[in-house]
Amino acid sequence: MLIDPIKAYTYKDYLTYDENERIEIIEGEIINMSPAPSRIHQEIISELHFKLKEYIKYNNGSCKVYPAPFDVILKDDDDEVINSKNIVQPDISVICDKNKLTEKGCTGSPDMIVEVISPYNPSNDYVRKLNLYEKFKVKEYWIVNPTRKNILVYVLTENGYDAPITYTFSDKVKVNIYDNFEIDFNSIDID
10 MLIDPIKAYT YKDYLTYDEN ERIEIIEGEI INMSPAPSRI HQEIISELHF
60 KLKEYIKYNN GSCKVYPAPF DVILKDDDDE VINSKNIVQP DISVICDKNK
110 LTEKGCTGSP DMIVEVISPY NPSNDYVRKL NLYEKFKVKE YWIVNPTRKN
160 ILVYVLTENG YDAPITYTFS DKVKVNIYDN FEIDFNSIDI D
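In terms of the working numbering, the numbers along the sequence shown are unbroken and rise by one, the last being 200.
Set out below in structure tokens:
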């Protein structure tokens, strides 16, 4: 499909794309997603997804955890879903309000999002999505960089995101949407 650089794309346009075309829409602009992620990228997502899901299950939590591809439609309160100009597929989404879940994905802000950096478009996660997730009040946003072996954790305050808390792959990383949960990155098997 040809992309019109002047048009502001919406969820209505997104629904016309073939499901094999991997795109996101941020502030009305179509963003082509990179080719299939690396093996390490996938291992990190698998391990984090497992650890989050396991914690929720064993603590009888009500939150749900979804790995990509999983559509998250971010919209202003007064916008209709079909007119949303922000549709993303985070690597991992944690949603605690089941009213936000639909057959198509999540409508509204997840409580936590994890993005694993791809070498093809790092500014997408470090800048565009950081600003987008802050704007739509995602409570916690992790940026995991497999090359630098670090994790930046942004926690939402009443004034937006504070400076990130920086961890390495040797640290235990606090999951801030819970009171007493840490993920030990040393235990994550990535070779």
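Even for Gly, the Cβ is constructed at its ideal location relative to N, Cα and C.
For clarity, every value in this text was computed on a predicted model and none was experimentally measured.
Residue i beta carbon near the ligand PLP (any heavy atom closer than 7 Å)
| i | result |
| --- | --- |
| lysine 138 | In terms of ligand content, the structure shown is empty, and the ligand PLP therefore cannot be addressed. |
Inter-residue Cα distance where the pair is residue i and residue j
| i | j | result |
| --- | --- | --- |
| proline 128 | aspartate 86 | 34 Å |
| isoleucine 53 | serine 132 | 20 Å |
| cysteine 115 | glutamate 89 | 14 Å |
| arginine 157 | isoleucine 197 | 16 Å |
| glutamate 167 | aspartate 106 | 20 Å |
| arginine 137 | isoleucine 49 | 23 Å |
| aspartate 80 | methionine 42 | 13 Å |
| isoleucine 35 | tyrosine 170 | 19 Å |
| isoleucine 186 | isoleucine 32 | 28 Å |
| glutamate 149 | isoleucine 104 | 11 Å |
| isoleucine 15 | threonine 25 | 18 Å |
| isoleucine 65 | asparagine 189 | 12 Å |
| glutamate 30 | proline 46 | 15 Å |
| lysine 62 | asparagine 69 | 11 Å |
Same chain only: Cβ atoms within 7 Å of residue i, ignoring 5 sequence neighbours per side
| i | result |
| --- | --- |
| valine 182 | Ile160, Val162, Tyr176, Glu191, Ile192 and Phe194 |
| isoleucine 174 | Val162 |
Residue closest to residue i, alpha-carbon to alpha-carbon, out of the options
| i | options | result |
| --- | --- | --- |
| isoleucine 91 | Thr166, Val184, Lys21 and Ala17 | Lys21 |
| glutamate 38 | Tyr18, Ala172, Glu28 and Tyr26 | Tyr18 |
| lysine 94 | Ile40, Val184, Ile122 and Cys105 | Ile40 |
| aspartate 134 | Gly117, Ile152, Glu167 and Leu57 | Ile152 |
| alanine 172 | Ser179, Val164 and Asn154 | Val164 |
| serine 179 | Asn189, Tyr187, Arg31 and Ile199 | Ile199 |
| lysine 109 | Ile126, Lys84 and Asn130 | Lys84 |
| leucine 57 | Ile82, Asn189, Glu124 and Asn130 | Glu124 |
| asparagine 130 | Val147, Lys148 and Asn154 | Asn154 |
| isoleucine 126 | Asp27, Thr25, Ile15 and Pro44 | Pro44 |
Contact set for residue i: own chain, Cβ-Cβ below 6 Å, skip 5 residues either direction
| i | result |
| --- | --- |
| lysine 60 | Ile192 |
| tyrosine 67 | none |
| lysine 113 | Asp80 |
| threonine 111 | none |
Cutoff 8 Å; reference residue i; Cβ partners in own chain excluding five residues on either side
| i | result |
| --- | --- |
| lysine 146 | Ser118 and Leu165 |
| serine 55 | Pro76 |
Proximity test, Cβ basis, 8 Å: residue i and chain C
| i | result |
| --- | --- |
| serine 47 | No chain C is present in this structure, which holds just one protein chain. |
Count Cβ pairs between the stretch 60–78 and the stretch 98–108 that sit closer than 8 Å; are there 3 or more? yes
Please go through the stretch 58–128 and give each complete alpha helix (DSSP H) segment of 4 or more residues, from N-terminal end onward. none
Mind pulling the beta strand (DSSP E) runs of 3 or more residues that sit fully within the stretch 140–178? 149–154, 159–166 and 174–177
Inter-stretch contact (C-beta, 8 Å, three-pair minimum) for the stretch 142–150 and the stretch 116–123: yes
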